[in-house]
Structure formats: C-alpha cells, structure tokens
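*Asks:* For the sequence shown, the working numbering begins at 141 and goes up steadily by one.
Don't be surprised by glycine CBs; every beta carbon is placed ideally from N, CA and C.
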Amino acid sequence: MRIPFHPRPTREELFKSPLHMIARDFPETIELFRAHGVSLEEFGDRSLEEFDQPIALLDELEASTAWRPEMGNA
C-alpha cells in the first residue's frame with residue numbers, strides 16, 4: 141500500500157486553498173495556524189486571500205512546507 145505524499149504546494153495554492161485542505165494535506169502547518177490564532181474549526185472553509193493581512197502567515201506556511209520536494213521531483 142502506497143501512502144499518498146503531497147509535494148510542496150505553490151505560494152498561490154497556499155493563498156487560494158481552503159485552510160482545512162492545507163491542514164489536511166500538510167499537517168506541519170497546523171501549529172502555525174494555532175500560533176497565528178486561526179481556528180480551523182471556525183475558518184477552515186476560508187482561504188488566506190479572504191483575510192485582511194495574510195502575508196506573515198503565508199510566508200510561514202510556505203517556509204514550513206519547503207522541505208517537501210517540488211511537484212516534478214516527488
């Protein structure tokens with residue numbers, strides 16, 4: 141049985157995807173949401189593009205997933 145592994149998301153994917161999908165596919169991001177006071181229960185259906193100032197969190201999400209191989213290298 142092969143365990144599905146998600147390659148590194150693009151910055152645009154992190155910006156436009158619903159937060160619950162980011163947390164599901166990239167569990168290393170869950171603690172960042174908590175650290176920024178973002179409740180996945182409350183805001184999980186929203187994307188970062190709907191937030192007023194998402195850049196700091198977006199930068200951290202991108203950094204936390206940087207260890208993953210790019211799409212073509214998975």
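For F228, is the classification buried or exposed, using 16 other Cβ atoms within 10 angstroms of its Cβ as the cut-off for buried?
*Replies:* Given a span of 141 to 214 for the chain in the structure shown, any question on residue 228 remains unanswerable.
*Asks:* Look up R186 in the DSSP assignment and say whether it is helix, strand or coil.
*Replies:* R186 falls in the coil class under three-state DSSP.
*Asks:* Considering only the beta carbon of each residue, do D190 and F155 sit closer than 8 Å?
*Replies:* Sequence check: residue 190 is Glu here, not Asp. Contact: no.
*Asks:* Output needed for G184: all residues of its chain with C-beta closer than 6 Å, excluding positions within five of it in sequence on either side, in chain order.
*Replies:* L159, H160.
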